[in-house]
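Student:
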Amino acid sequence: MRPLTEEEQAAVFSKLANYIGKNIVHLVDRNDEAYCFRLHRDRVYYVSESSMRLAISVARPNLVSLGTCFGKFSKSGKFKLHITALDYLAQYAKYKVWVKPNGEMPFLYGNHVVKAHLGRITEDTPEHQGVVVYSMRDIPLGFGVTARSTVDTRKLDPTAILVYRQADAGEYLRDEDTLF
Amino acid sequence: MDVSAIIEAEAAKHSAIAVEKDSAVEIDAGLLTITDPNPIDSQSYSADKETYLTELAREVFPDGPLALLPKPTTQLPRAKPLPKPKPPTKWEQFSAAKGISKKIKDRKLWDEERQEWVNRWGVDGKNKEKEEQWIHELPDNADDDFNPAAAARAERKKRVAKNEKQKLANMARAQTSEQRERKAEIERTLLTTKSSTASMGKFDKKLEGEPKVRGVKRKFAPNEIPSEQEKKTSLAILSKLDSGTAKVGKKPKGDHASGAEGDGAVLNVRKALRHASGGRGGAALGRELGRNNSSRGRAGARGGRRGSSSRGKGRGKSSS
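Just so you know, the protein sequences line up as chains A and B, in that order.
Here UniProt numbering is used: the first residue of the first sequence is 1, the next is one more, and so on.
Here UniProt numbering is used: the first residue of the second sequence is 1, the next is one more, and so on.
1. Provide the residue(s) that pair with Val142/A in DSSP beta bridges, ordered along the chain.
2. How far does the alpha helix (DSSP H) with Lys163/B in it extend, from its first residue to its last?
3. Applying the 10 Å Cβ sphere with the 16-neighbour rule, what's the burial state of Tyr46/A?
4. So which of Gln175/B, Gly201/B, Asp242/B and Phe203/B has the shortest CA-CA distance to Lys84/B?
5. When DSSP labels each residue in this structure, what does Ser14/A get in the three-state scheme?
6. Under 7 angstroms between C-beta atoms, does Ile161/A make it to chain B?
7. Using the beta-carbon count (16 or more within 10 Å), is Leu168/B buried or exposed?
8. Following the continuous beta strand (DSSP E) through Asn102/A, name the residue where it begins and the one where it ends.
9. In chain B, which residues lie with their C-beta within 9 angstroms of the C-beta of Cys36/A?
10. Tell me which same chain residues have a C-beta within less than 8 angstroms of the C-beta of Val248/B, skipping the five on either side of it?
11. Taking 8 angstroms as the threshold, find out whether the region 51-69 of chain A comes into contact with the region 274-281 of chain B through three or more Cβ pairs.
12. Would a check of beta-carbon distances place Ala93/A closer than 7 angstroms to chain B?
13. Under 7 angstroms Cβ-Cβ, which residues of chain A neighbour Ile135/B?
14. Verify whether the separation of the beta carbon atoms of Val97/A and Val145/A is less than 7 angstroms.
15. Starting from Trp91/B, trace the beta strand (DSSP E) both ways and give me its first and last residue.
16. Name the chain B residues that come within less than 9 angstroms of Arg53/A, Cβ to Cβ?
17. Excluding sequence positions up to five away, which residues of its chain have a Cβ less than 6 angstroms from the Cβ of Ser44/B?
18. How far does the alpha helix (DSSP H) with His275/B in it reach, from first residue to last?
19. Leaving out five residues before and five after Lys102/B in sequence, what residues of the same chain have Cβ atoms less than 8 angstroms from its Cβ?
20. Who are Thr178/A's beta bridge partners in DSSP?
21. So the alpha helix (DSSP H) Tyr45/B belongs to, where does it begin and stop?
22. Pull the bridge partners of Asn119/B from the DSSP assignment, please.
23. Decide if the region 118-131 of chain B is in contact with the region 200-217 of chain B; the criterion is three or more beta carbon pairs, one per stretch, under 8 angstroms apart.
24. If you drop the 5 nearest sequence neighbours on each side, which residues of the same chain put their C-beta closer than 7 angstroms to that of Leu89/A?
25. Is Phe79/A near Gly71/A, with beta carbons less than 7 angstroms apart?
26. Mind checking Glu178/B: buried by the 16 CB within 10 Å criterion, or exposed?
27. Considering only the beta carbon of each residue, do Lys69/A and Arg30/A sit closer than 7 angstroms?
28. Taking only beta-carbon positions, decide if Phe220/B is within less than 7 angstroms of chain A.
29. When you compare only the Cα positions, how much space is there between Ser234/B and Met1/A?
30. In chain order, what residues of the same chain lie with their CB nearer than 8 angstroms to the CB of Gln166/A, ignoring the 5 residues before and after it?
31. Would you call Gln9/A buried or exposed, if buried means 16 or more other Cβ atoms sit within 10 Å of its Cβ?
32. Assuming Thr189/B is part of the alpha helix (DSSP H), what are its boundary residues?
33. Taking 7 angstroms as the threshold (C-beta atoms), are Val99/A and His112/A in contact?
34. What's the gap between the Cα of Leu179/A and the Cα of Ala59/A?
35. Do you know offhand how far Ser122/A's Cα is from Ile225/B's?
36. For Glu49/A, which residues of its own chain have a beta-carbon under 8 angstroms away from its beta-carbon, when the five flanking residues on both sides are left out?
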């Protein structure tokens, strides 16, 4: 476990900024307790300072996980967000997409969101914008990237993909062994 | 008084050194050199070179008109810069600070027992006295296998090693930054060449005592940083990211050309200028236009060019 280097931190922040924009400040500068980002075995954990200090005394091979896993660095140094970061993304998301009940299961099985399943979408969502996907009862299901801007969606046919899936809650079952 | 004898003697002396030559010798006073351009007698030269040359050469008379040149007064400038004073060693710095004056020790020491001068160090040196004496005092707590002679020798060798280390450290400290850079560069080059084989230097023959090449270890910030400090660095990175995106913000590829001009201009000025000037640039075009304005007669001929420039503008528009 170690703090992130400057480049790593920049990679994490720029990825997070796709979804929550300037709200990252609320993750870094919290009122309740000091939280920090720590890297352990290529995974980035968002962890409170007190539990980080507790984890220091655990030897590296014995430390399985700590705090909330936000994602991992690939071998080529790119950062990939995991579904476990959804709690924080959903809390601070700038752009949201709601899917209809008949679209929930297809999304949770790892499919993209098609227009037929789209319930609501934040107005003026641009193209290629990171969005958090909710069910109609406001339960966050995952996150993805928009394929079209809100304006362009009107002309599309019902089978057209609107949101490319990046992560969904179904990964908790599908990728249980490698997720955390 | 009859001085004719003296004058005659003097004249004879001069006639002895007066030389008859077909053409006069060339004198270069600057080099204090005389060159004889007269052709040599090739027959006698090839017959006996040595005697011929000695005959040709003028003998210096012991009391001939020799000029004793005064000592040269012109100072030749120094070719190399003055040597810089050596930077003080660590001990010199310390002794200067403490006001310790340097004591020069003699190489030889008086040995009371042997009643003679012996070397302080080196052959039969006084510093080896302890390890070479035939009887040793053993400390009370000595081990069974304690060898006092070996211990004394090890002690002396340790002192020598320490001095060597200090000397190297002083030398390293005395290096200028230039020397240090050069050394680092040489070492870098050496490392590169070492690993520039098909096996990355793995199967190359190693020299004896060659140090193992160690790479630079990555260094990370400690785990326990004050949370305030960590927060500050994170916020700094965030603000840098924000400003970075503001500067090099991604633009849709479609309106890149107009974006390059800023202000949402429709015309790509750079492209239009290049087209109008025939690839010679805006300065050449400006000069040409200036000439046009001064001479009316040619203005009509240049009109076509201006037309082409407007065409260039049109193309810039369509491409953007």
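Beta carbons: idealized from backbone N, C-alpha and C, even for Gly.
These numbers come from a predicted model, not from an experiment.
Tutor: Judging by the given coordinates:
1. Note on identity: in this sequence residue 142/A is Gly, with Val being the wrong assignment. For Gly142/A, which the question treats as bridged, DSSP gives the partners Val133/A and Asp168/A.
2. It should be noted that the sequence gives Asn, not Lys, for residue 163/B. Pro148 to Ala174 is the span of the alpha helix (DSSP H), which, as asked, contains Asn163/B.
3. buried
4. Gln175/B
5. helix
6. no
7. exposed
8. Careful: Asn102/A lies outside any beta strand (DSSP E), inside the alpha helix (DSSP H) at Pro101 to Leu108.
9. Ile225, Ser227, Glu230, Lys231 and Ser234
10. Interpretation of Val248/B is limited by its pLDDT of 40, a score under 50 that renders its predicted location unreliable; no figure is taken from the coordinates.
11. no
12. no
13. None at all; the shortest Cβ gap to chain A is about 58 angstroms.
14. no
15. That residue, Trp91/B, is in no beta strand (DSSP E); its alpha helix (DSSP H) goes Lys90 to Lys98.
16. Asn223 and Glu224
17. Tyr52
18. Val269 to Ala276
19. Ser95
20. According to DSSP, which records beta bridges pairwise, Thr178/A is partnered with nothing at all.
21. Ser42 to Ala47
22. Lys108/B
23. no
24. Tyr19, Ile20, Val132 and Phe143
25. yes
26. exposed
27. Looking at the sequence itself, residue 69/A is Cys, so the reference to Lys does not match. Not in contact: Cys69/A and Arg30/A (Cβ atoms no closer than 7 angstroms).
28. yes
29. 18 angstroms
30. Leu81, Gly130, Gly142, Phe143, Gly144 and Val145
31. buried
32. Ser177 to Lys194
33. no
34. 21 angstroms
35. First, the amino acid is wrong: residue 122/A is Thr here, not Ser. Roughly 40 angstroms separates the two Cα atoms.
36. Glu33, Ala34, Tyr35 and Cys36
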